[in-house]
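Position 223 (the sequence shown) corresponds to 669 in the working numbering; numbering is contiguous. Here a beta-carbon is modelled for each residue, glycine too, at the ideal position from N, C-alpha and C. What you are looking at is a predicted structure, and each value in this text was computed from that prediction instead of being measured. So the structure is just underneath, and the comments pick up after that.
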Amino acid sequence: MRSPWNNVFAVLDADRLHVWTSDDWRARRAGEPRIVVAHDGAPAEALARVLGDLPKARLPMLNRVHVVAGHPWTHGVVLPWQDGLVSDAAWDGYARALFAARAQRGALRIRLEGGRRGRAQLAVAACDTLLVSLDETCRAAGWRLVSVRDALSVALATHAKHLGGDDYRYALLQPRVVTCVFRRAGEWADVVTLPRAGGSRLDDWFAAAALMAGQPLAGAAFASALDGTLPSAAADGVTLLDDDMDQAVLTQEEPA
447 MRSPWNNVFA VLDADRLHVW TSDDWRARRA GEPRIVVAHD GAPAEALARV
497 LGDLPKARLP MLNRVHVVAG HPWTHGVVLP WQDGLVSDAA WDGYARALFA
547 ARAQRGALRI RLEGGRRGRA QLAVAACDTL LVSLDETCRA AGWRLVSVRD
597 ALSVALATHA KHLGGDDYRY ALLQPRVVTC VFRRAGEWAD VVTLPRAGGS
647 RLDDWFAAAA LMAGQPLAGA AFASALDGTL PSAAADGVTL LDDDMDQAVL
697 TQEEPA
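See below:
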């Protein structure tokens, strides 16, 4: 039975907006996005132009937009467990302080990934200005913005079946940065984002991130790319993961 939803899936990186529709999203791994546009730092304006050229369902509620946003609009940080923080507001303030310490200031919307009590928590933040502008753009074009997720959370959910050990390191490659996540003794240890220098290998990025985070280069190593393209010069001992982002996005939302 054909789905009634008229879905648009957009992946936003530092330079471009990549767009799939309901018809070609499932085949994403086998082909290119329907539309790729440079956004010149104004992704909402680029999305408005794209939506204006796409067909819409007669019922406005059926026109849905899902967005995955990467660097520089979303960030991650690990929050060491604090027994004295007993409310969501307290954890939010704690997260904001750690984001500010990493020069990630301004209006942020913060979400904590669910974790066991007594364990370090992974917090992700998105630029509030981006979220507001995307929502306004979608409504003005006759679409509903039903989800905006950060690239790191989506990647971790996508590859959860591989990232199940107590000790591992994982690298998410984006056009301008590499984000390295460390997990130790079954809990999050640190998140480090590095500029992506041309010609560097995955083991170089892991080594630099481990040095900054004070983490050992222990456990299994994994890597994937936001656009599905990994460097040819990978690294010995690093497992390169396929891109199944469609499952991670769709299972978080209404049935497609």
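Let's see if you can read the secondary structure: which residues bound the beta strand (DSSP E) around residue i?
{"i": "A569", "result": "Q567 to C573"}
{"i": "L458", "result": "N452 to L458"}
{"i": "T520", "result": "T520 to L525"}
{"i": "L554", "result": "L554 to L558"}
{"i": "T675", "result": "No beta strand (DSSP E) contains T675, which DSSP labels as neither H nor E."}
{"i": "R551", "result": "Here R551 belongs to no beta strand (DSSP E), and DSSP marks it neither H nor E."}
{"i": "L463", "result": "R462 to T467"}
{"i": "L531", "result": "Note, L531: premise wrong, no beta strand (DSSP E); not H, not E."}
{"i": "H686", "result": "According to the sequence displayed, residue 686 carries Leu and not His. That run of the beta strand (DSSP E) goes V684 to L686."}
{"i": "A515", "result": "N509 to A515"}
{"i": "A503", "result": "It is not in any beta strand (DSSP E) - A503 carries neither H nor E in the DSSP assignment."}
{"i": "A484", "result": "I481 to A484"}
Restricting to Cα atoms, I'd like to know which of the options is closest to residue i.
{"i": "P489", "options": "V513, W466 and L558", "result": "V513"}
{"i": "R462", "options": "Q661, S579, R647 and Q620", "result": "Q620"}
{"i": "P526", "options": "P518, S599, W634 and A535", "result": "W634"}
{"i": "A494", "options": "H521, A654, A536 and V511", "result": "V511"}
{"i": "V524", "options": "E559, P506, V532 and R555", "result": "E559"}
{"i": "G530", "options": "V592, A546 and G564", "result": "G564"}
{"i": "R630", "options": "R622, A643 and A659", "result": "A659"}
{"i": "P677", "options": "G665, L663 and A643", "result": "A643"}
{"i": "H485", "options": "L508, L580, G588 and A541", "result": "L580"}
{"i": "N509", "options": "P501, A515 and A603", "result": "P501"}
{"i": "V454", "options": "A669, A603 and R590", "result": "R590"}
{"i": "A671", "options": "H517, L663 and L618", "result": "L618"}
{"i": "A669", "options": "L686, V578 and A492", "result": "L686"}
{"i": "W519", "options": "L602, Q528 and R555", "result": "R555"}
{"i": "T575", "options": "A515, A456, A654 and D688", "result": "A515"}
{"i": "R557", "options": "R595, P506 and T604", "result": "R595"}
{"i": "E491", "options": "V684, R585 and D688", "result": "R585"}
{"i": "L663", "options": "V684, L505 and D673", "result": "V684"}
{"i": "H605", "options": "R622, T583, D673 and D688", "result": "D688"}
How is the alpha helix (DSSP H) around residue i delimited, first residue to last?
{"i": "S599", "result": "A597 to T604"}
{"i": "G539", "result": "D534 to A547"}
{"i": "A492", "result": "P489 to G498"}
What separation, rounded to the nearest whole angstrom, lies between the Cα atoms of residue i and residue j?
{"i": "F652", "j": "G632", "result": "19 Å"}
{"i": "A656", "j": "Y616", "result": "11 Å"}
{"i": "D397", "j": "D682", "result": "With the chain represented from 447 up to 702, any question about residue 397 goes unanswered, as that position is not in the structure."}
{"i": "T639", "j": "H608", "result": "21 Å"}
{"i": "G611", "j": "G487", "result": "38 Å"}
{"i": "V627", "j": "G539", "result": "22 Å"}
{"i": "V637", "j": "T625", "result": "7 Å"}
{"i": "V482", "j": "V465", "result": "6 Å"}
{"i": "V532", "j": "W451", "result": "40 Å"}
{"i": "T467", "j": "V570", "result": "26 Å"}
{"i": "R551", "j": "F545", "result": "7 Å"}
{"i": "L598", "j": "A503", "result": "31 Å"}
{"i": "G665", "j": "D613", "result": "5 Å"}
{"i": "A541", "j": "C573", "result": "14 Å"}
{"i": "A549", "j": "D499", "result": "38 Å"}
{"i": "P641", "j": "R647", "result": "13 Å"}
{"i": "T388", "j": "Q661", "result": "With the chain represented from 447 up to 702, any question about residue 388 goes unanswered, as that position is not in the structure."}
{"i": "D714", "j": "V623", "result": "With the chain running from 447 to 702 in the structure shown, residue 714 is simply not present."}
I'd like to confirm something about residue i: is its beta-carbon nearer than 6 Å to some heavy atom of the ligand SAM, or not?
{"i": "G610", "result": "This structure lacks the ligand SAM, and indeed carries no ligand of any kind."}
Within 10 angstroms of its Cβ, does residue i collect 16 or more other Cβ (buried), or is it exposed?
{"i": "D459", "result": "buried"}
{"i": "G588", "result": "exposed"}
{"i": "P479", "result": "buried"}
{"i": "G522", "result": "buried"}
{"i": "V600", "result": "buried"}
{"i": "G496", "result": "Note that residue 496 is Val in the sequence shown, not Gly. With 16 or more other Cβ atoms within 10 Å, it is buried."}
{"i": "T675", "result": "exposed"}
{"i": "R562", "result": "exposed"}
{"i": "G577", "result": "The sequence given here has Leu at residue 577, not Gly. Classification of L577: buried, given that the 10 Å Cβ count is 16 or more."}
{"i": "A473", "result": "Here the model assigns A473 a pLDDT of 44, short of 50, so the residue's position is not dependable, and the following value carries that caveat. Exposed."}
{"i": "Q567", "result": "buried"}
{"i": "A543", "result": "exposed"}
{"i": "L437", "result": "A query on residue 437 cannot be resolved here, the shown segment of the chain reaching from 447 to 702 and no further."}
Exercise. Which runs of the beta strand (DSSP E) fall wholly inside the region 612 to 672 and span at least 3 residues, in chain order?
Worked result: 614 to 619, 623 to 630, 633 to 641 and 666 to 671
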